[in-house]
Amino acid sequence: MITKMATVAVYVEDQQRAKVFWTEKVGFEVKQEHPMGPNSSWLEVGPAGAQTALVLYPKNMMSNWQEQKASIVFECTEIEETYETMRANGVVFQGELNKMQWGTYATFQDEDGNSYLLKG
């Protein structure tokens, strides 16, 4: 029986730049980092204490990365505070927080142009 979602792959140009984005700007921590080949590693990042992580996978090791777009929603408490902290850290949001019947959300991008939803 499946008990959790383990990882979601995000395809990036530069793993170290992506690592800085996710750890220093978003506030995640490195869960695993193991050499995987020349100038690349198996690199997982995620929220502290979370069971699920993002794998920051090098595009140059995946010939069809353009077809592998991820659709990822990050749920959080205190969305206003999280949104403001991430913005202050340099995360680029596509607009302001949007309040809907099902919750409040905002869309942001990483430095490789991938979009994510922050939901509270």
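UniProt numbering puts the first residue of the sequence shown at 1, with every later residue one more than the last.
Glycine residues also receive a C-beta, built at the ideal position from the N, C-alpha and C atoms.
Note that the structure is predicted; figures quoted are calculated from it, not measured.
Let's test the definition: count the other Cβ atoms within 10 Å of the Cβ of residue i and tell me whether it reaches 16, buried, or not, exposed.
i: Gln51; result: exposed
i: Ala106; result: buried
i: Met62; result: exposed
What does the alpha-carbon distance come out to for the pair residue i and residue j?
i: Glu84; j: Ser41; result: 31 Å
i: Tyr116; j: Gln109; result: 6 Å
i: Gly37; j: Asn60; result: 11 Å
i: Lys31; j: Glu78; result: 24 Å
i: Leu54; j: Leu118; result: 15 Å
i: Glu13; j: Glu67; result: 15 Å
So what does residue i bridge to, in DSSP terms?
i: Pro35; result: Ser41
i: Tyr116; result: Phe108
Is DSSP giving residue i helix, strand or coil here?
i: Ala9; result: strand
i: Ala50; result: coil
Exercise for the section: Please go through the stretch 61–103 and give each complete alpha helix (DSSP H) segment of 4 or more residues, from N-terminal end onward. Expected result: Within the stretch 61–103, the complete alpha helix (DSSP H) runs of at least 4 residues are 79–88.
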